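So in our numbering, spot 147 of the sequence shown is number 168, and the numbers just go up one at a time.
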Amino acid sequence: MNHLILLGAPGAGKGTQARKLQDERGIVQLSTGDMLRAAVKSGSEIGKKAKAIMDAGKLVSDDIMIAMIEERVQQPDCKKGFILDGFPRTAAQAEALDAMLAKLGLALDHVIEMTVDEKILTERIVGRYTCAKCGAGYHDAFQKPKVAGVCDVCGSREFTRRADDNAETVRTRLDAYRKQTQPILPYYRTKGILKSVDGMAEIDDVARQISAILD
Ligand code: ADP
Ligand code: ADP
Ligand code: ZN
Numbered sequence: 022m023n024h025l026i027l028l029g030a031p032g033a034g035k036g037t038q039a040r041k042l043q044d045e046r047g048i049v050q051l052s053t054g055d056m057l058r059a060a061v062k063s064g065s066e067i068g069k070k071a072k073a074i075m076d077a078g079k080l081v082s083d084d085i086m087i088a089m090i091e092e093r094v095q096q097p098d099c100k101k102g103f104i105l106d107g108f109p110r111t112a113a114q115a116e117a118l119d120a121m122l123a124k125l126g127l128a129l130d131h132v133i134e135m136t137v138d139e140k141i142l143t144e145r146i147v148g149r150y151t152c153a154k155c156g157a158g159y160h161d162a163f164q165k166p167k168v169a170g171v172c173d174v175c176g177s178r179e180f181t182r183r184a185d186d187n188a189e190t191v192r193t194r195l196d197a198y199r200k201q202t203q204p205i206l207p208y209y210r211t212k213g214i215l216k217s218v219d220g221m222a223e224i225d226d227v228a229r230q231i232s233a234i235l236d
């Protein structure tokens, strides 16, 4: 019951919900976006290749992404299960994922699609920021810290915004979602494991919809 994919456009709320599931259920969040940002920060070969692509809002090559996830799902912390957040994003990634899971004797339990109108996605992305210390996610209008300027989780006063969370890049990213990622939904629908939740509901309500699918 613990191998999930959260699928949705940039800003749909995948990271927000994956973090909640990780905290509540002890299954680890595997965010390929976070992994890539860590690679860029560390200056690794992959990071050097990925940076310009990410800044432009395009997709990093399937080869890199598949190798990254293949290595990650074999780490000990994935034994209890994992939530894929941001992977797969192309048909080739979806097929490679199936092959690697089969090799490990695992199968996907649910693919949860989070639907949100495009107009709202842009607002969400442009207003998004995170705690620089613990990574907790916030939004200028939709998810403010309880005390202004102080992280609810760790008390830090430092926050960061992603370089690619700007109105121009968002257009390219939404386009990539429409052209390259949406076409994989029928693949999972045919397998009978695709469920949809209303990603426009309040954060806690979306979490309840997801819990209802898992329990
Ligand atoms: P994704 O990982 O799918 O790109 P995030 O989880 O980072 O999306 O959410 C994008 C932004 O929208 C964040 O600033 C987050 O605080 C906010 N957000 C997430 N879910 C909701 C929701 N259900 N309603 C309003 N804002 C939300
Ligand atoms: P969001 O959920 O807001 O789209 P992510 O943090 O998931 O953002 O991804 C940020 C960027 O990292 C993407 O725009 C893309 O360049 C790259 N990326 C992340 N995951 C993948 C993937 N599975 N395949 C290709 N590129 C990816
Ligand atoms: Zn924090």
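Glycine residues also receive a C-beta, built at the ideal position from the N, C-alpha and C atoms.
Source: prediction; values computed, not measured.
| query | Under 7 Å from any heavy atom of ligand 2, does the C-beta of K72 make it? | reply | K72: no, Cβ never under 7 Å from ligand 2.
| query | Is it the case that the CB of G148 approaches a heavy atom of ligand 2 more closely than 7 Å? | reply | Incorrect: G148 has no Cβ contact closer than 7 Å to ligand 2.
| request: Name the one or two DSSP bridge partners that M135 has. | output: For M135, which the question treats as bridged, DSSP gives the partners V218.
| query | DSSP on Q114, reduced to helix/strand/coil? | reply | Q114 falls in the helix class under three-state DSSP.
| query | For C99, which of helix, strand or coil comes out of DSSP? | reply | The three-state secondary structure of C99, taken from DSSP, is helix.
| request: For D106, name the three-state secondary structure that DSSP assigns. | output: DSSP, reduced to helix, strand and coil, places D106 within a strand of the structure shown.
| From this set, R58, G29 and L27, which residue's C-alpha is nearest G156's C-alpha? | For the residues R58, G29 and L27, the minimum Cα distance to G156 belongs to R58.
| query | V174: beta carbon under 7 Å from a heavy atom of ligand 2? | reply | Because no heavy atom of ligand 2 lies under 7 Å away, the Cβ of V174 does not count as near it: no.
| query | With distances taken from CA atoms, which of A197, L206, A153 and R229 is nearest I74? | reply | Looking from the CA of I74, the closest CA among A197, L206, A153 and R229 belongs to A197.
| said: I need the straight-line Cα distance from K41 to I224, nearest angstrom please. | reply: The alpha-carbon of K41 is positioned some 10 Å away from that of I224.
| request: Can you grab the Cα-Cα spacing for the pair I234 / A30, in whole Å? | output: Spanning the two alpha carbons is a distance of roughly 20 Å.
| task | Flag V218 as yes when its Cβ comes closer than 7 Å to any non-hydrogen atom of ligand 1, and as no otherwise. | result | Checking the Cβ of V218 against ligand 1 gives no.
| said: Spatial neighbours of A162 within its chain, please: C-beta separation below 7 Å, excluding the five flanking residues on both sides. | reply: Taken in chain order, the residues that qualify are G148.
| request: Find the nearest neighbour of S232 within the set A120, H131 and G107, judged by alpha-carbon distance. | output: Closest option to S232, Cα to Cα, is H131.
| request: Determine the extent of the beta strand (DSSP E) in which Y150 is found, giving its start and end residues. | output: Judged by DSSP secondary structure, Y150 falls within the beta strand (DSSP E) whose first and last residues are R149 to C152.
| Among all the DSSP beta bridges, which residues are the ones paired with V168? | DSSP, once it has assigned bridges, lists V171 as partnering V168.
| request: Confirm the yes/no value for this check: CB of F163, any heavy atom of ligand 1, distance under 7 Å. | output: Checking the Cβ of F163 against ligand 1 gives yes.
| request: Could you tell me the distance, in whole angstroms, from the CA atom of V94 to the CA atom of D138? | output: Here the alpha carbons of D138 and V94 stand approximately 32 Å from one another.
| task | Can you grab the Cα-Cα spacing for the pair L118 / A60, in whole Å? | result | CA-CA distance, L118 to A60, rounds to 21 Å.
| Among D226, D106 and V168, which has the Cα closest to the Cα of I90? | Distance check between I90 and each of D226, D106 and V168 places D106 closest, using alpha-carbon atoms only.
| message | In the DSSP output, what is S52 paired with across the bridge? | response | The bridge partners DSSP lists for S52 are D106.
| query | I think D98 touches V49, with their Cβ atoms under 8 Å apart; what is that distance to the nearest whole Å? | reply | Contact holds; Cβ gap of about 5 Å.
| query | Measuring CA to CA, which of Q96, D44 and F108 is closest to T53? | reply | The option with the nearest alpha carbon to T53 is F108.
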